[in-house]
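Student: The opening residue of the sequence shown carries number 6 in this note's numbering; numbering runs sequentially from there. One structure follows; several queries about it will come next.
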Amino acid sequence: AKIRRWIEQGAVWPESFEVPPHWSYVVPERPTLPLAFASDWIQSPIDYFVWQRFREEGLSPSPPTEPAKLVRRLFLDLIGIPPTPIEVEAFEAEPTQAHYVKLVDELLSRPQFGERWARPWLDLARYADSHGFQRDDLRDNWAYRDWVIQALNTDMPFDQFTIEQLAGDLLPNATESQKIATGFHRNAPTNVEAGSLPEETRVEQVLDRVNTTGAIWLGTTLECCQCHDHKYDPFTIKDYYSLFAFYNSTELEADLAKAKIPSSIQFQGPSLKLANPERDRLRSEQQRMLTAVNEQLTKRKQQLDAEFDSWVAQVAGQSEDFAQTHVQPILDSKSQDAADVFGMHDDGDLSAITGNVATESVPSEILEIARKPSDQWSKADKERLDAYRFSQDPLATELSQQLRAMENKIAAVAAETTLVMVELEEPRRSHVFIRGDYRVPGEAVEPATPAVLHAMPTGPLNRLSLAQWLVSPRNPLVARTTVNRWWAELFGQGIVPTLEDFGVKGEPPTHPELLDWLAVELVESGWSMKKLLKTIVTSATYQQSSRITPELLERDDRNRLLARGPRMRMDAEMIRDNALAISGLLSLQQFGPPIRPYQPDGIWTKVGGVKYDYEVSPGSEQHRRGIYVVLKRGAPYPSFINFDANARLACTVMRSRSNTPLQALTLLNDPVYVTAAKSLAERVQAEQSHASLAEKMDYAFQLCVARRPSVSERETLLQLYHAQLAVGSSQDAWYCVATTLLNLHETITKD
Numbered sequence: 006a007k008i009r010r011w012i013e014q015g016a017v018w019p020e021s022f023e024v025p026p027h028w029s030y031v032v033p034e035r036p037t038l039p040l041a042f043a044s045d046w047i048q049s050p051i052d053y054f055v056w057q058r059f060r061e062e063g064l065s066p067s068p069p070t071e072p073a074k075l076v077r078r079l080f081l082d083l084i085g086i087p088p089t090p091i092e093v094e095a096f097e098a099e100p101t102q103a104h105y106v107k108l109v110d111e112l113l114s115r116p117q118f119g120e121r122w123a124r125p126w127l128d129l130a131r132y133a134d135s136h137g138f139q140r141d142d143l144r145d146n147w148a149y150r151d152w153v154i155q156a157l158n159t160d161m162p163f164d165q166f167t168i169e170q171l172a173g174d175l176l177p178n179a180t181e182s183q184k185i186a187t188g189f190h191r192n193a194p195t196n197v198e199a200g201s202l203p204e205e206t207r208v209e210q211v212l213d214r215v216n217t218t219g220a221i222w223l224g225t226t227l228e229c230c231q232c233h234d235h236k237y238d239p240f241t242i243k244d245y246y247s248l249f250a251f252y253n254s255t256e257l258e259a260d261l262a263k264a265k266i267p268s269s270i271q272f273q274g275p276s277l278k279l280a281n282p283e284r285d286r287l288r289s290e291q292q293r294m295l296t297a298v299n300e301q302l303t304k305r306k307q308q309l310d311a312e313f314d315s316w317v318a319q320v321a322g323q324s325e326d327f328a329q330t331h332v333q334p335i336l337d338s339k340s341q342d343a344a345d346v347f348g349m350h351d352d353g354d355l356s357a358i359t360g361n362v363a364t365e366s367v368p369s370e371i372l373e374i375a376r377k378p379s380d381q382w383s384k385a386d387k388e389r390l391d392a393y394r395f396s397q398d399p400l401a402t403e404l405s406q407q408l409r410a411m412e413n414k415i416a417a418v419a420a421e422t423t424l425v426m427v428e429l430e431e432p433r434r435s436h437v438f439i440r441g442d443y444r445v446p447g448e449a450v451e452p453a454t455p456a457v458l459h460a461m462p463t464g465p466l467n468r469l470s471l472a473q474w475l476v477s478p479r480n481p482l483v484a485r486t487t488v489n490r491w492w493a494e495l496f497g498q499g500i501v502p503t504l505e506d507f508g509v510k511g512e513p514p515t516h517p518e519l520l521d522w523l524a525v526e527l528v529e530s531g532w533s534m535k536k537l538l539k540t541i542v543t544s545a546t547y548q549q550s551s552r553i554t555p556e557l558l559e560r561d562d563r564n565r566l567l568a569r570g571p572r573m574r575m576d577a578e579m580i581r582d583n584a585l586a587i588s589g590l591l592s593l594q595q596f597g598p599p600i601r602p603y604q605p606d607g608i609w610t611k612v613g614g615v616k617y618d619y620e621v622s623p624g625s626e627q628h629r630r631g632i633y634v635v636l637k638r639g640a641p642y643p644s645f646i647n648f649d650a651n652a653r654l655a656c657t658v659m660r661s662r663s664n665t666p667l668q669a670l671t672l673l674n675d676p677v678y679v680t681a682a683k684s685l686a687e688r689v690q691a692e693q694s695h696a697s698l699a700e701k702m703d704y705a706f707q708l709c710v711a712r713r714p715s716v717s718e719r720e721t722l723l724q725l726y727h728a729q730l731a732v733g734s735s736q737d738a739w740y741c742v743a744t745t746l747l748n749l750h751e752t753i754t755k756d
């Protein structure tokens, strides 16, 4: 019956039963630019493809957005903070395409570019400042975050950006920077709970690396293959564990501090000690001091040796009443020639001791040795006498105090480390896990790439060769998935709406030729992120007004056809940065350990082994950009969570955008936004001290949304001010105006 119905419906017998490959598994080729009859509108090759869809759908582009809004949109997209009124007015005075392109170049060169674009990458990299799970101890991995910012600022080619993160440690003569980059695959949660199994933790880490690699570089839900062949896409369980084998030769992520005590997990995988110029300077100074001290002590010991017999006789005659003294090394075992001066015990500590001991109160062990005939002294007896003698010598005590002061100074400069990848000398054997259970190994597998994709060149099979294979121009997925994510950051959605899934169940591209053109352009431009972003933001498509007309609402409510400009709520970190910048509080200090801004009491959890109290960062430190805010997975910064940030427990390709009452309550009551509102009110008064009340309102409004208010908007603000002034002070009234402006939908929206 089905065959009959098929024939009745006009069945066509296929010439071949070979199923063509899915579009995303075909290597992209640069398409020819479509013909266009709107040369006055087109500013970029991108516009040709968009215009073609307009013609097919019977649509027209929206008019250009007004200059003030365009400048604000560009600032928020490229550096993540708003323009100043002066910067807006400079563009309004000359709103030409040439001036706009010049502004794009200037913003791409600012150091804030890397901070803005690091945020989506850190979501992908599942970067956080704690291990996760119940214990959730803090860890030092912020050097990786700084590496990402610096790499983006220098426009490191994306292929190199990929290789250094996946296998920087395997590059010839790997630099400290390249090793730091491998923190990418050390970012995932690590279970250091008492009783957890180190091997299980290690396997979970390797599985996470395979899944993350698939999501970022292949746009594929590889995790479906952990237990069975993919139900929709051409990836098998053997493909999955062959990729697993590339990552299976790294050291343990967490191990027992004491082999027979399951609750003693402390080792958290290999780390790299970071270069610290100040610590190195102090160490050099310490070495110079040690050399001088050794010379002085050697001379002093020679003097004391000449008087040794008389000193022993004097001690032997002392009272047996004795005082307690604390025995401690004057120098540690790392000191240059100190062993020659003091002698060394079997435990590795130097034998000299310090302590305030009265001459008439000698320890009993010293008296016992001194009263024995000298020919009965052992080597240890002689060392104890020497050590005690030095403890009574004023010069030795003074020099000891100087050295300990230097050690304390060095200790105050914390030794900074970061988590890195380290390859084992002998690779582990890898197997398919039956039903995904590492305790049930099946068929043995070797490192290999999925058969559906291009072949890997001959040579070593390790993380480095995998990374190089991923960014090969023959890979049909990497360039497409990468440009699609960047497009989504700018327009709110990708050309392929399902950013994480380019497979059969993912949505097809709305503009397939545009996607391929961008992918080829990225590769042929040397994998330059900044060049591609410039191409996008200088297009007429990007510069359109975001205003939606009734026709567009009916025809294309989700703006898939790009007939209007992008409009979306800012992400969590940008909302905070925006408020701090508007108020004049934002600190542009870069890099270093995470900061702790004000947050409500009771949020910061203290569980597991080490207790961490939440201490607010001092001064302007707490007003640095959101990219530096500490992310504790068990207690993430609450205002960020309210605006859809996440704990980064896994690779996040794109955040959701919600609209809840909690967000308005956060902007009204969170300590950061309360402080920002107060500071905004003070800023307006200080910078517009001679202006009229209406002019001050205009200035405050412009600080928040870049444009000037309409007559009705200004009148509403004036009415609010006077209503509050009637029941309070001018300061209170201005605070009310400022907090209202910071709560405007337009203030937290990129328009």
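Note that beta-carbon positions come from the ideal geometry of N, C-alpha and C, so glycine has one too. On a predicted model such as this, the values are computed, not experimentally measured, just so you know.
Looking at the unbroken beta strand (DSSP E) that takes in G119, where does it start and where does it end?
Tutor: Here residue 119 corresponds to residue number 114 of the sequence shown, with the count starting at 1. First-last for G119: Q117 to L129, but that is the alpha helix (DSSP H), not the beta strand (DSSP E).
Student: Would you tell me roughly how many angstroms separate the C-alpha atoms of V332 and V367, rounded to the nearest one?
Tutor: Here the question's residue 332 lines up with position 327 in the sequence shown. Here the question's residue 367 lines up with position 362 in the sequence shown. Confidence at V332 is low in this model, with a pLDDT of 40, below 50, so the placement of that residue should be treated as unreliable; the coordinate-derived value is given next. Between V332 and V367, the C-alpha separation is close to 13 Å.
Student: Check whether chain B comes within 8 Å of N467, counting only Cβ atoms and requiring the distance to be less than that.
Tutor: Note that chain B does not occur in the displayed structure, where there is just one protein chain.
Student: Identify whether D345 lies in helix, strand or coil by the three-state DSSP scheme.
Tutor: Taking the sequence shown and counting its residues from 1, one reaches residue 345 at position 340. Bear in mind that a pLDDT of 40 at D345, under 50, signals an unreliable position, so the number given afterwards is only what the model happens to contain. If DSSP states are grouped into helix, strand and coil, D345 belongs with the helices.
Student: If you check the beta carbons only, do L38 and P50 fall under 8 Å apart?
Tutor: Mapped onto the sequence shown, residue 38 falls at position 33. Mapped onto the sequence shown, residue 50 falls at position 45. Against a cut-off of 8 Å, the Cβ pair of P50 and L38 comes out as a contact.
Student: Counting only runs that start and end within the segment 555 to 595, where is the alpha helix (DSSP H) found for 4 or more residues in a row?
Tutor: Those alpha helix (DSSP H) runs which fall completely within the segment 555 to 595 and span 4+ residues are 555 to 560 and 577 to 588.
Student: What number of angstroms, rounded off, separates the C-alpha of T167 from the C-alpha of W46?
Tutor: Mapped onto the sequence shown, residue 167 falls at position 162. Mapped onto the sequence shown, residue 46 falls at position 41. When rounded, the distance between both Cα atoms is 37 Å.
Student: Are the segment 148 to 157 and the segment 113 to 133 touching by the rule of at least three beta carbon pairs closer than 8 Å?
Tutor: Short answer: they touch.
Student: Tell me the rounded alpha-carbon separation between A344 and T422.
Tutor: The sequence position of residue 344 within the sequence shown is 339, counting from 1. The sequence position of residue 422 within the sequence shown is 417, counting from 1. For A344, the predicted model reports a pLDDT of 37, less than 50, meaning its position is unreliable and no value from the coordinates is stated.
Student: Check T657 in the structure and name its three-state DSSP category.
Tutor: Here residue 657 corresponds to residue number 652 of the sequence shown, with the count starting at 1. It is coil, neither helix nor strand.
Student: At the level of alpha carbons, what is the spacing between G451 and T665?
Tutor: Position 446 of the sequence shown holds residue 451. Position 660 of the sequence shown holds residue 665. It should be noted that the sequence gives Glu, not Gly, for residue 451. Roughly 49 Å between the two C-alpha positions.
Student: Relative to the C-alpha of K74, which residue among Q549, R144 and A699 is closest?
Tutor: For the purposes of this step, residue 74 is identified with residue 69 of the sequence shown, where counting begins at 1. Closest option to K74, Cα to Cα, is Q549.
Student: Measuring straight from C-alpha to C-alpha, what distance separates A586 and Q183?
Tutor: Looking up residue 586 in the sequence shown gives position 581. Looking up residue 183 in the sequence shown gives position 178. Going from the Cα of A586 to the Cα of Q183 covers about 33 Å.
Student: DSSP three-state call for Y678: helix, strand or coil?
Tutor: The residue given as residue 678 occupies position 673 in the sequence shown. Y678 falls in the helix class under three-state DSSP.
Student: Is it buried or exposed, L429, if we count other Cβ atoms within 10 angstroms and call 16 or more buried?
Tutor: Your numbering for residue 429 matches position 424 in the sequence shown. The residue in question, L429, is exposed, as its Cβ has fewer than 16 Cβ neighbours within 10 Å.
Student: Tell me whether L295 sits in a helix, a strand or coil according to DSSP, three-state version.
Tutor: In the sequence shown, counting from the first residue as 1, residue 295 sits at position 290. Note: L295 maps to helix in three-state DSSP.
Student: Which residues bound the alpha helix (DSSP H) around E61?
Tutor: One-based indexing of the sequence shown puts residue 61 at position 56. Counting along the chain, the alpha helix (DSSP H) containing E61 begins and ends at P50 to E62.
Student: Which residue marks the beginning of the alpha helix (DSSP H) containing G499, and which one marks its end?
Tutor: Walking along the sequence shown from the start, residue 499 turns up at place 494. Counting along the chain, G499 falls outside any alpha helix (DSSP H), and DSSP gives it neither H nor E.
Student: Verify whether the separation of the beta carbon atoms of L504 and N489 is less than 8 Å.
Tutor: Within the sequence shown, the letter at position 499 stands for residue 504. Within the sequence shown, the letter at position 484 stands for residue 489. Yes. Within cutoff.
Student: Within this structure, are the beta carbons of R78 and D756 separated by less than 8 Å?
Tutor: Sequence index remark: in the sequence shown, residue 78 carries index 73 (1-based). Sequence index remark: in the sequence shown, residue 756 carries index 751 (1-based). Yes.
Student: Exposed or buried, which one is Q736 when buried takes at least 16 other CB atoms within 10 Å?
Tutor: For the purposes of this step, residue 736 is taken as the residue at position 731 of the sequence shown. So Q736 ends up on the exposed side.
Student: Could you please give the first and the last residue of the uninterrupted alpha helix (DSSP H) stretch that includes T226?
Tutor: As a first step, residue 226 must be located in the sequence shown, where it is residue number 221. No alpha helix (DSSP H) holds T226; DSSP gives it neither H nor E.
Student: Judging by CA-CA distance, which residue of Y740, G733, V732 and A711 is the nearest neighbour of L722?
Tutor: Indexing the sequence shown from 1 puts residue 722 at position 717. Closest option to L722, Cα to Cα, is Y740.
Student: Can you tell me the Cα-Cα spacing of W11 and E23, whole angstroms?
Tutor: One-based indexing of the sequence shown puts residue 11 at position 6. One-based indexing of the sequence shown puts residue 23 at position 18. Going by the C-alpha atoms only, they are around 20 Å apart.
Student: From which residue to which residue does the beta strand (DSSP E) around F80 run?
Tutor: Here residue 80 corresponds to residue number 75 of the sequence shown, with the count starting at 1. Counting along the chain, F80 falls outside any beta strand (DSSP E), though it belongs to the alpha helix (DSSP H) covering P72 to L83.
Student: Whose C-alpha, out of D164, A738 and E692, is nearest the C-alpha of S588?
Tutor: One-based indexing of the sequence shown puts residue 588 at position 583. It is E692.
Student: Within this structure, are the beta carbons of G499 and H27 separated by less than 8 Å?
Tutor: The residue you call residue 499 lines up with position 494 of the sequence shown. The residue you call residue 27 lines up with position 22 of the sequence shown. Not a contact, by the Cβ cut-off of 8 Å.
Student: Taking a contact to mean a Cβ-Cβ separation below 8 Å, would you say V187 touches T195 in this structure?
Tutor: Here residue 187 corresponds to residue number 182 of the sequence shown, with the count starting at 1. Here residue 195 corresponds to residue number 190 of the sequence shown, with the count starting at 1. Going by the sequence as given, residue 187 is Thr instead of Val. Contact: no.
Student: Helix, strand or coil for T487? Go by DSSP, reduced to three states.
Tutor: For the purposes of this step, residue 487 is identified with residue 482 of the sequence shown, where counting begins at 1. It is helical.
Student: Where does E494 land, buried or exposed, given buried means 16+ other C-beta within 10 angstroms?
Tutor: Here residue 494 refers to the residue found at position 489 when the sequence shown is read from its first residue. The residue is buried, with at least 16 neighbouring Cβ atoms inside 10 Å.
Student: Whole angstroms are fine: how far does the CA of N146 sit from the CA of N281?
Tutor: As a first step, residue 281 is located in the sequence shown; it is residue number 276 there, counting from the start. As a first step, residue 146 is located in the sequence shown; it is residue number 141 there, counting from the start. Looking at the two C-alpha atoms, the distance is approximately 15 Å.
Student: Output the distance between the C-alpha atoms of N253 and S592, rounded to the nearest integer angstrom.
Tutor: Stepping through the sequence shown from its first residue, residue 253 is reached at position 248. Stepping through the sequence shown from its first residue, residue 592 is reached at position 587. Near 42 Å, if we compare the C-alpha coordinates of S592 and N253.
Student: Distance check for A193 and Q210, CA to CA, integer angstroms please.
Tutor: The residue labelled residue 210 in the question sits at position 205 within the sequence shown. The residue labelled residue 193 in the question sits at position 188 within the sequence shown. C-alpha separation (whole angstroms): 7 Å.
Student: Distance, Cα to Cα, E20 vs R9?
Tutor: The residue given as residue 20 occupies position 15 in the sequence shown. The residue given as residue 9 occupies position 4 in the sequence shown. One C-alpha to the other measures close to 20 Å.
Student: Do you know whose CA, among Y132, V76, K7 and V732, lies nearest K107's CA?
Tutor: Residue 107 sits at position 102 when you count from the first residue of the sequence shown. That would be V76, whose Cα lies nearest to the Cα of K107.
Student: What is the C-beta distance between K539 and V109, in whole angstroms, given that I count them as a contact (C-beta under 8 Å)?
Tutor: Your numbering for residue 539 matches position 534 in the sequence shown. Your numbering for residue 109 matches position 104 in the sequence shown. At roughly 6 Å, the Cβ-Cβ gap stays under 8 Å, so K539 and V109 are in contact.
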